[in-house]
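FYI, the numbering for the sequence shown is 111 to 694, going by the working numbering.
Glycine is no exception: its CB is placed at the ideal position from the N, C-alpha and C atoms.
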Amino acid sequence: MMRPSNYDKFPTVQAGDEKDCLKGWDEIGNALLSSLPDSGGVICVECYPGAFTDRIENSLRRVLAPCDVVRTSELLKDPDDVRNLLSPYLGSDPVFGRMNGITIQDYFDPVRIESASREIENNRAQRLLVIGVGASLLCDRPALIVYADMARWEIQQRWRRKEIGNLGLDNVEDTIGVKYKCGFFVEWRAADRLKKILLPRLNFLLDTNDLSVAKMIAGDVFRRALGSVSQRPFRVVPYFDPGPWGGHWIEEICDLPRDRPNYAWGFDCVPEENSLLLDFGNTRVEVPAIDLVFAHPHELLGESVHARFGTEFPIRFDFLDTMGGGNLSFQVHPLTEYIQDKFGMHYTQDESYYLLDAGEDATVYLGLRDSAEPAELLRDLRAAQEGDFIFPAERYANIWPAHKHDHFLIPAGTMHCSGKNSMVLEISATPYIFTFKLWDWGRVGLDGDPRPIHIDHGEANIQWDRTTAWVRNNLVNRIEPVSSGHGWSEERTGLHEREFIETRRHWFNSPVPHNTNGTVNVLNLVEGDEVVVESPTSAFAPFIVHYAETFIVPAAVGAYTIRPHGQSIGKQCATIKAFVRSNA
Numbered sequence: 111m112m113r114p115s116n117y118d119k120f121p122t123v124q125a126g127d128e129k130d131c132l133k134g135w136d137e138i139g140n141a142l143l144s145s146l147p148d149s150g151g152v153i154c155v156e157c158y159p160g161a162f163t164d165r166i167e168n169s170l171r172r173v174l175a176p177c178d179v180v181r182t183s184e185l186l187k188d189p190d191d192v193r194n195l196l197s198p199y200l201g202s203d204p205v206f207g208r209m210n211g212i213t214i215q216d217y218f219d220p221v222r223i224e225s226a227s228r229e230i231e232n233n234r235a236q237r238l239l240v241i242g243v244g245a246s247l248l249c250d251r252p253a254l255i256v257y258a259d260m261a262r263w264e265i266q267q268r269w270r271r272k273e274i275g276n277l278g279l280d281n282v283e284d285t286i287g288v289k290y291k292c293g294f295f296v297e298w299r300a301a302d303r304l305k306k307i308l309l310p311r312l313n314f315l316l317d318t319n320d321l322s323v324a325k326m327i328a329g330d331v332f333r334r335a336l337g338s339v340s341q342r343p344f345r346v347v348p349y350f351d352p353g354p355w356g357g358h359w360i361e362e363i364c365d366l367p368r369d370r371p372n373y374a375w376g377f378d379c380v381p382e383e384n385s386l387l388l389d390f391g392n393t394r395v396e397v398p399a400i401d402l403v404f405a406h407p408h409e410l411l412g413e414s415v416h417a418r419f420g421t422e423f424p425i426r427f428d429f430l431d432t433m434g435g436g437n438l439s440f441q442v443h444p445l446t447e448y449i450q451d452k453f454g455m456h457y458t459q460d461e462s463y464y465l466l467d468a469g470e471d472a473t474v475y476l477g478l479r480d481s482a483e484p485a486e487l488l489r490d491l492r493a494a495q496e497g498d499f500i501f502p503a504e505r506y507a508n509i510w511p512a513h514k515h516d517h518f519l520i521p522a523g524t525m526h527c528s529g530k531n532s533m534v535l536e537i538s539a540t541p542y543i544f545t546f547k548l549w550d551w552g553r554v555g556l557d558g559d560p561r562p563i564h565i566d567h568g569e570a571n572i573q574w575d576r577t578t579a580w581v582r583n584n585l586v587n588r589i590e591p592v593s594s595g596h597g598w599s600e601e602r603t604g605l606h607e608r609e610f611i612e613t614r615r616h617w618f619n620s621p622v623p624h625n626t627n628g629t630v631n632v633l634n635l636v637e638g639d640e641v642v643v644e645s646p647t648s649a650f651a652p653f654i655v656h657y658a659e660t661f662i663v664p665a666a667v668g669a670y671t672i673r674p675h676g677q678s679i680g681k682q683c684a685t686i687k688a689f690v691r692s693n694a
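Here is the structure:
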């Protein structure tokens, strides 16, 4: 941990010049006015759920001076009706719901929609502002479509600060868990279905993450920027969060503020929730990284990955920091058939632990001891859940010593957790909330409430034959040499045959040749201070990567090289690379 930090917390991608970005409400409003026909017309401002619609409206009205404003917030069904709509998919579990086909249209009252549509049609010749979530559904032929977009991490902060609730619900005071569950299973999915339709059509993209500095770019500029990103290596904007077991490695290596009790998680490749920072000279526009997946799935993911996963980014990299903290929860992930049947997901949360760093006493709990009896294990888990018993995890689970650069594979159905004093780079499939906690070491969450335990779900998924010898032979450091060249070597480190992700580690002190082979690559610099990613044909500008940074290489890139740079020249470096197996 004793090394200076060079981790870039705000990576940007070059997207255009300063003149391409409009700043301030006056400049934004005047640009909209100049884009309207002289006679007026409908300005449709479609908002992603969570945007501060009232503030956007007030700022635009001052400049646009519309004849009238139609607010979609006034057209929603009553909250009780929205609850009835969502109830079959959200249920009563505190964490898990079920995927579904609900659309933004389903949130609206048909009578109110019909009345508003007539009003819009009658005032079409004048300057009319239609604003809110679902505004585009009311406008057949708007003069302008402005999409007010925002990052999901900022949405979660607004939920935590109790500034907003979920769409159509009067639940501002609900816990973050309740709001996140609704967002994950329903709200974000519905909004994204509409976003996919609008991305090719929108006239302007409005960044609503920080309304104190309003920023807007033209639709063509936005689409051109995303197209450019899909052709070169890039990073998404990481975010970090404390937890009851969190440690202090991340705050040192990533140079984070010391105003948190710890940092348990670091998310630096979850495009569904991370952002892209588009650089326009001295101005940065923040957009959800999922916009890139929606707009350019072929170029980003590759044909075979897109064919299997659609517009989902299937690989996740994140940090789990227990350095100076505690054990992760003892847990298991659902089998594919279980997650399909119970939750409507079409693939499951297989994963692995790559040890970026480890203390002398670091361990990983993985698989069952040969002596473990299922009935006794489940009995003890339930007794521990009742609160009068400490679950003896060491009696039932294998406890493996963990060292820096070890790689533990965790196919779904395998009981596991990382022990204290470990720094884990978790490499996994994307359905990232489907963790069945079985035992949490008697802790409560940072909010003081017990963390949800799901023993029944766990019982249905634990693979009882994954005992000591099987785990040792199949899941612990399955390192196989693959190839080598001048100053470099390549190893296969996983994953297990049941997992669709392949991982390769390269050790090098000279340039290493890579090729996406038509599928998206995700990499992390796990050893070395700094490397540079380059195109053999100069198809993209040299891309600098620092220690512990995760970066994405789109499928469209094809051939690329990685070599030591800066202080790493002449020193040993290593990357871990993940991609979807061609035969998966």
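Please classify residue i as buried or exposed, where buried requires at least 16 other C-beta atoms within 10 Å of its C-beta.
i: residue 178; result: exposed
i: residue 496; result: exposed
i: residue 204; result: exposed
i: residue 678; result: buried
i: residue 664; result: buried
i: residue 436; result: buried
i: residue 175; result: exposed
i: residue 681; result: exposed
i: residue 228; result: exposed
i: residue 431; result: buried
i: residue 230; result: buried
i: residue 521; result: buried
i: residue 441; result: buried
With DSSP collapsed to three states, give me the class of residue i.
i: residue 154; result: strand
i: residue 509; result: strand
i: residue 578; result: helix
i: residue 488; result: helix
i: residue 695; result: Shown here, the chain extends from 111 to 694; a query on residue 695 therefore has no answer.
i: residue 652; result: coil
i: residue 268; result: helix
i: residue 126; result: strand
i: residue 344; result: strand
i: residue 539; result: strand
i: residue 379; result: strand
i: residue 645; result: coil
i: residue 527; result: strand
i: residue 249; result: coil
i: residue 295; result: helix
i: residue 572; result: coil
i: residue 171; result: helix
i: residue 138; result: helix
i: residue 589; result: coil
i: residue 688; result: strand
i: residue 235; result: coil
i: residue 630; result: coil
i: residue 289; result: helix
i: residue 520; result: strand
Apart from the five residues just before and just after residue i, which ones in its own chain have a Cβ nearer than 8 Å to its Cβ?
i: residue 272; result: 282, 283
i: residue 199; result: 207, 208, 209, 210, 212, 295, 296
i: residue 439; result: 355, 527, 545, 547, 548, 549, 550, 551, 561
i: residue 675; result: 640, 641, 642, 654
Rounded C-beta distance between residue i and residue j? I'm assuming under 8 Å.
i: residue 145; j: residue 238; result: Not a contact, Cβ separation roughly 15 Å.
i: residue 525; j: residue 572; result: 6 Å
i: residue 407; j: residue 421; result: 5 Å
i: residue 754; j: residue 339; result: Absent from the structure is residue 754, since the part of the chain shown begins at 111 and ends at 694.
i: residue 265; j: residue 293; result: 7 Å
i: residue 312; j: residue 214; result: Actually they are not in contact, since the Cβ atoms of residue 312 and residue 214 sit about 15 Å apart, beyond 8 Å.
i: residue 643; j: residue 343; result: 5 Å
i: residue 701; j: residue 637; result: Only positions 111 to 694 of the chain appear in this structure, which leaves residue 701 out of reach.
i: residue 585; j: residue 478; result: The Cβ separation is near 12 Å, so there is no contact.
In chain order, what residues of the same chain have a beta carbon less than 6 Å from the beta carbon of residue i, not counting five sequence neighbours either side?
i: residue 657; result: 635, 639
i: residue 316; result: 256, 258, 326
i: residue 409; result: 340, 664, 666
i: residue 262; result: 383
Ignore the nearest five residues each way along the sequence and tell me which others in residue i's own chain have a CB closer than 7 Å to its CB.
i: residue 557; result: none
i: residue 134; result: 324
i: residue 542; result: 380, 426, 459
Give a yes or no on whether the C-beta atoms belonging to residue i and residue j are separated by under 7 Å.
i: residue 462; j: residue 604; result: yes
i: residue 335; j: residue 125; result: yes
i: residue 384; j: residue 331; result: no
i: residue 633; j: residue 533; result: no
Mind checking if residue i is an interface residue toward chain B, Cβ cutoff 7 Å exclusive?
i: residue 574; result: Protein chain content of the structure displayed is limited to a single chain, and chain B is not contained in it.
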